[in-house]
């Protein structure tokens, strides 16, 4: 799958039509290991977040529903702290420059990395991730416990997230 050629039109259409999230707990599944670059080019790895509850959010700067959720993720990161919760924004934008500007303008203070085709495929299984935002909750043992497709009010997402933060 060539993310930049094939998936972006699909993601754009899917993002445009997703107004309500489809969220559900999933049978515990091991989260994929990954290594990606942050916006400054430094390597960030899933290993760094072992033992924490992790929210992985696939998003893009051009995705309206994604942009609507970001203030909620900023608030959740602040509320629960980095010791208990790691929020990872995996941008599917075509390069870090536009993401850097967006992050600065919107005061995003959680970890942002640039997704690649391999990570998109690893999280999405056989189908890959074919719409954004797509968000996963990973428990402290490294198991994916929840998958959310589309935007959702922060309060609703937090109810499910809180189960794993206890």
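Numbering (mature numbering (1 follows the signal peptide of the UniProt record, and there is no 0)), first residue to last: -23 to -1, 1 to 143. For every residue, glycine included, the Cβ atom is placed at its ideal position computed from N, Cα and C.
In three-state terms, what does DSSP make of residue i?
i: residue 45; result: helix
i: residue 31; result: strand
i: residue 126; result: strand
i: residue 15; result: strand
i: residue 97; result: helix
i: residue 90; result: strand
In whole angstroms, what separates the C-alpha of residue i from that of residue j?
i: residue -16; j: residue 55; result: Unreliable positioning characterises residue -16 in this predicted model, as indicated by a pLDDT of 47, which lies under 50. The coordinate reading is nonetheless provided below. Distance between the alpha carbons of residue -16 and residue 55 is about 31 Å.
i: residue 139; j: residue 88; result: 20 Å
i: residue 111; j: residue 143; result: 24 Å
i: residue 34; j: residue 109; result: 9 Å
i: residue 21; j: residue 90; result: 7 Å
i: residue 153; j: residue 121; result: In this structure the chain extends from -23 to 143, so residue 153 is not present and cannot be described.
i: residue 13; j: residue 84; result: 21 Å
i: residue 73; j: residue 41; result: 18 Å
i: residue 86; j: residue 107; result: 26 Å
i: residue 24; j: residue 71; result: 25 Å
i: residue 96; j: residue 77; result: 20 Å
i: residue 141; j: residue 98; result: 25 Å
Can you tell me which of the options puts its alpha carbon nearest to the alpha carbon of residue i?
i: residue 93; options: 11, 109 and 65; result: 11
i: residue 105; options: 115, 57 and 126; result: 126
i: residue 9; options: 116, 137, 136 and 141; result: 116
i: residue 16; options: -1, 36 and 68; result: 68
Measure how close the beta-carbons of residue i and residue j come, nearest whole angstrom, since I'm counting them as under 8 Å.
i: residue 38; j: residue 79; result: 4 Å
i: residue 113; j: residue 123; result: 7 Å
Three or more C-beta pairs below 8 Å linking the stretch 129 to 137 and the stretch 42 to 49: Per the Cβ contact rule, the stretch 129 to 137 is in contact with the stretch 42 to 49 (3 or more Cβ pairs under 8 Å).
Stretch-stretch touch, CB-based, cutoff 8 Å, three pairs: the stretch 63 to 74 with the stretch 23 to 30: Judged by Cβ distances under 8 Å, the stretch 63 to 74 makes contact with the stretch 23 to 30, as three or more pairs qualify.
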